[in-house]
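Following this line, the structure appears as structure tokens:
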């Protein structure tokens with residue numbers, strides 16, 4: 001990796017270097033302004049790690065250890081097996097797995113073949129699964145035995161009769177395939193006690209057992225030419241504004257973003273770091289900052305199938321991870337757990353928080369417990385995903401997403417005119433860099449709308465200060481317009497989070513006959529606290545203009561969240577819409 005440093009401020013070239021890129025002045029000397037990216041595919045980072053650190057632990061899963069030599073060999077075997085089944089370069093292969101060794105093996109195996117990974121959320125219901133498999137044109141899927149019933153309902157049996165006719169192959173594994181002895185023998189007993197009955201038609205209708213498929217295969221990767229500009233991943237967006245879109249990310253996009261993120265974590269040591277993978281690897285955040293970066297650094301991926309507070313605390317105590325990317329809700333759950341203060345978490349050096357705003361009190365408390373650094377970053381699926389981050393070991397600004405990563409440009413524009421706005425003004429955030437997507441799968445019109453001259457429209461309202469630090473104000477589509485005033489939910493949420501009794505808060509706009517929309521806040525209180533609507537109203541009125549203060553409050557025990565802990569406001573909006581329909585009663589013109 002070549003490090004290209006800008007001239008220091010005040011130097012001969014200082015004015016020209018920092019013009020339009022004021023954030024470069026805040027770069028530590030160790031971080032390059034630009035990186036020389038290799039013209040290579042993603043599997044090359046695994047090949048290099050296996051060659052340089054063959055005995056290093058690549059994966060730790062409930063006591064089972066997989067070395068880099070073993071990981072590379074398993075990925076090669078699966079890749080050769082898929083080729084023998086007719087999967088070819090450019091074919092799409094869905095991977096519907098939780099965090100387990102097979103998920104990592106499958107990811108690199110598909111990429112070695114030059115095929116395209118389609119990461120699929122294991123929680124998808126049949127309708128969502130059918131849409132993604134059909135839209136991507138997947139020819140194969142690698143999944144878990146306990147998900148097979150959903151797949152069979154979507155796929156049809158035999159596959160030619162189903163609604164997803166291209167899906168010819170279903171490779172089915174089990175959690176036991178990734179467990180050590182004797183846990184692998186005990187796991188099927190646990191499954192039966194929990195009601196799992198199997199009934200998977202192995203050997204028929206293109207259904208193949210994962211473990212049997214790997215047996216006897218060549219441990220050398222197939223000789224397939226995979227280029228940096230070849231498509232590597234179809235990562236589907238959440239679909240908050242319509243049907244999910246397949247984001248096309250190339251090998252170059254993902255290698256670049258992995259190297260950018262690794263450069264940001266410049267104190268991370270090659271072959272020595274331990275990554276706590278509680279974020280799902282099928283999410284683009286976990287894919288880049290955990291799976292890809294761990295392999296690039298030849299570190300250990302400590303895999304947890306799901307985030308459970310006690311399990312995470314126990315894992316930190318026993319296995320001593322050093323890097324722990326996550327979502328704010330994860331850190332909130334940990335600091336409020338009764339066992340947090342008695343758990344030694346001092347092994348953690350770096351935590352990168354994404355997906356939502358990071359409350360200051362959470363950041364401060366977590367850093368007290370660990371002695372490490374918890375910093376806020378920003379990204380989106382269309383950018384592989386990371387574009388901004390606060391410096392880890394130098395100047396950071398709380399309440400901001402930090403500054404752009406190496407080779408990443410960013411600007412704030414008027415969303416109506418496209419005109420670039422000066423520091424301090426609120427507008428749409430646009431980004432450009434080597435990590436920005438190729439486009440949306442089979443959606444040229446939406447690609448043209450999102451990308452112009454390499455600039456990606458993020459859909460987020462933000463501002464940049466004089467030093468080049470960016471702060472997200474809100475999603476453009478989340479802005480509440482009440483009585484003609486623009487209200488940014490994030491600003492109201494930050495005030496609510498400052499209240500000592502509030503654990504979580506989410507703010508949305510709901511219909512109002514007088515104001516058009518009004519502000520509603522959903523509140524989760526900390527254990528042992530009792531806070532009334534009147535008390536919160538007084539708290540907000542002391543800190544916000546009157547038109548921003550919530551008119552409605554709803555206290556809850558939990559908020560709906562995605563698997564990475566992001567609050568799903570669309571679920572709250574759907575609930576409100578359903579209530580409104582119920583309150584309105586039957587439609588007099590419907591005849592019911």
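Numbering (UniProt numbering), first residue to last: 1 to 592. Cβ atoms here follow ideal geometry from the backbone N, Cα and C, with glycine treated the same way.
Looking at the structure shown, is residue i part of a helix, part of a strand, or coil, going by DSSP?
i, result
"residue 553", "strand"
"residue 444", "helix"
"residue 285", "helix"
"residue 29", "coil"
"residue 279", "coil"
"residue 389", "strand"
"residue 241", "Model confidence at residue 241 stands at a pLDDT of 45, short of 50, so the residue's coordinates are unreliable and nothing is read from them."
"residue 72", "helix"
"residue 213", "helix"
"residue 547", "helix"
"residue 300", "strand"
"residue 136", "helix"
"residue 345", "coil"
"residue 13", "Because the pLDDT at residue 13 is just 35, under 50, the model does not fix this residue reliably, and the value given afterwards should be weighed accordingly. Residue state, collapsed to three classes: coil."
"residue 131", "helix"
Would you decide whether residue i is buried or exposed? Buried here means 16 or more other CB atoms lie within 10 Å of its CB.
i, result
"residue 500", "exposed"
"residue 306", "exposed"
"residue 2", "Its pLDDT being 43, under 50, residue 2 is placed unreliably by the model, and the measurement read from it follows with that caveat. By the neighbour-count rule (16 or more Cβ atoms within 10 Å), residue 2 is not buried but exposed."
"residue 558", "exposed"
"residue 489", "buried"
"residue 463", "buried"
"residue 239", "Bear in mind that a pLDDT of 47 at residue 239, under 50, signals an unreliable position, so the number given afterwards is only what the model happens to contain. Per the 10 Å Cβ criterion, exposed."
"residue 216", "exposed"
"residue 301", "buried"
"residue 481", "exposed"
"residue 225", "exposed"
"residue 102", "buried"
"residue 59", "buried"
"residue 550", "buried"
Taking the C-alpha atoms as reference points, what is the distance between residue i and residue j?
i, j, result
"residue 169", "residue 89", "16 Å"
"residue 21", "residue 358", "25 Å"
"residue 123", "residue 112", "27 Å"
"residue 469", "residue 385", "18 Å"
"residue 279", "residue 327", "8 Å"
"residue 130", "residue 349", "41 Å"
"residue 241", "residue 83", "For residue 241, the pLDDT reaches just 45, beneath the cut-off of 50, and the residue's location in the model is therefore unreliable, leaving the point undetermined."
"residue 53", "residue 72", "11 Å"
"residue 497", "residue 339", "23 Å"
"residue 24", "residue 378", "17 Å"
"residue 260", "residue 445", "30 Å"
"residue 284", "residue 303", "16 Å"
"residue 337", "residue 319", "19 Å"
"residue 161", "residue 207", "Reliability of the predicted coordinates at residue 161 is poor, the pLDDT of 47 falling under 50, and no value is obtained from them."
"residue 564", "residue 281", "10 Å"
"residue 136", "residue 448", "20 Å"
"residue 430", "residue 27", "21 Å"
"residue 466", "residue 380", "24 Å"
"residue 210", "residue 543", "57 Å"
Name the two residues that bound the continuous beta strand (DSSP E) containing residue i.
i, result
"residue 520", "516-525"
"residue 264", "Run containing residue 264: none in the beta strand (DSSP E); it sits in the alpha helix (DSSP H), 251-264."
"residue 455", "455-464"
"residue 142", "140-144"
"residue 669", "There is no way to answer for residue 669, as the model of the chain reaches only from 1 to 592."
"residue 363", "Segment 360-370 is the alpha helix (DSSP H) holding residue 363; no beta strand (DSSP E) there."
"residue 512", "502-512"
"residue 184", "Unbroken run through residue 184 is the alpha helix (DSSP H), 183-193; no beta strand (DSSP E)."
"residue 202", "It is not in any beta strand (DSSP E) - residue 202 carries neither H nor E in the DSSP assignment."
"residue 154", "No beta strand (DSSP E) contains residue 154, which is instead part of the alpha helix (DSSP H) from 148-155."
Could you give the first and the last residue of the continuous alpha helix (DSSP H) run that contains residue i?
i, result
"residue 52", "43-52"
"residue 62", "Looking at the DSSP string, residue 62 is not in any alpha helix (DSSP H), and its letter there is neither H nor E."
"residue 537", "533-541"
"residue 106", "101-112"
"residue 291", "Premise fails: residue 291 is in no alpha helix (DSSP H) and is neither H nor E."
"residue 333", "328-335"
"residue 490", "489-498"
Fill in: Stretch-stretch touch, CB-based, cutoff 8 Å, three pairs: the stretch 513-524 with the stretch 436-456
No, the stretch 513-524 is not in contact with the stretch 436-456.
Practice prompt. Indicate whether the contact test is met: 3 or more Cβ pairs, each with one atom in the stretch 181-197 and one in the stretch 72-86, closer than 8 Å.
Written response: Look at the beta carbons and you see the stretch 181-197 not touching the stretch 72-86: under three pairs across the two are nearer than 8 Å.
Worksheet item: If you pair each beta-carbon of the stretch 270-278 with each one of the stretch 399-417, do three or more pairs fall below 8 Å?
Response: Segments in contact, no.
Worksheet entry | Inter-stretch contact (C-beta, 8 Å, three-pair minimum) for the stretch 291-309 and the stretch 419-439 | The stretch 291-309 is not in contact with the stretch 419-439.
Item to complete: Decide yes or no for the touch test of the stretch 399-411 against the stretch 374-391: beta carbon pairs closer than 8 Å, at least 3 of them.
Response: Output reads yes: the stretch 374-391 touches the stretch 399-411.
Worksheet item: Three or more C-beta pairs closer than 8 Å, one from the stretch 36-43 and one from the stretch 249-258: is that the case here?
Response: Segments in contact, yes.
Discussion item. Under 8 Å, with one C-beta from each stretch per pair, do the stretch 522-532 and the stretch 505-513 reach the 3-pair mark?
Written reply: With contact defined as three or more Cβ pairs closer than 8 Å, the stretch 522-532 and the stretch 505-513 are in contact.
Discussion item. Under 8 Å, with one C-beta from each stretch per pair, do the stretch 317-326 and the stretch 351-365 reach the 3-pair mark?
Written reply: Enough Cβ pairs lie closer than 8 Å, so yes.
Worksheet item: Are the stretch 52-69 and the stretch 136-154 touching by the rule of at least three beta carbon pairs closer than 8 Å?
Response: The answer is no - the stretch 136-154 does not touch the stretch 52-69, with fewer than three Cβ pairs under 8 Å.
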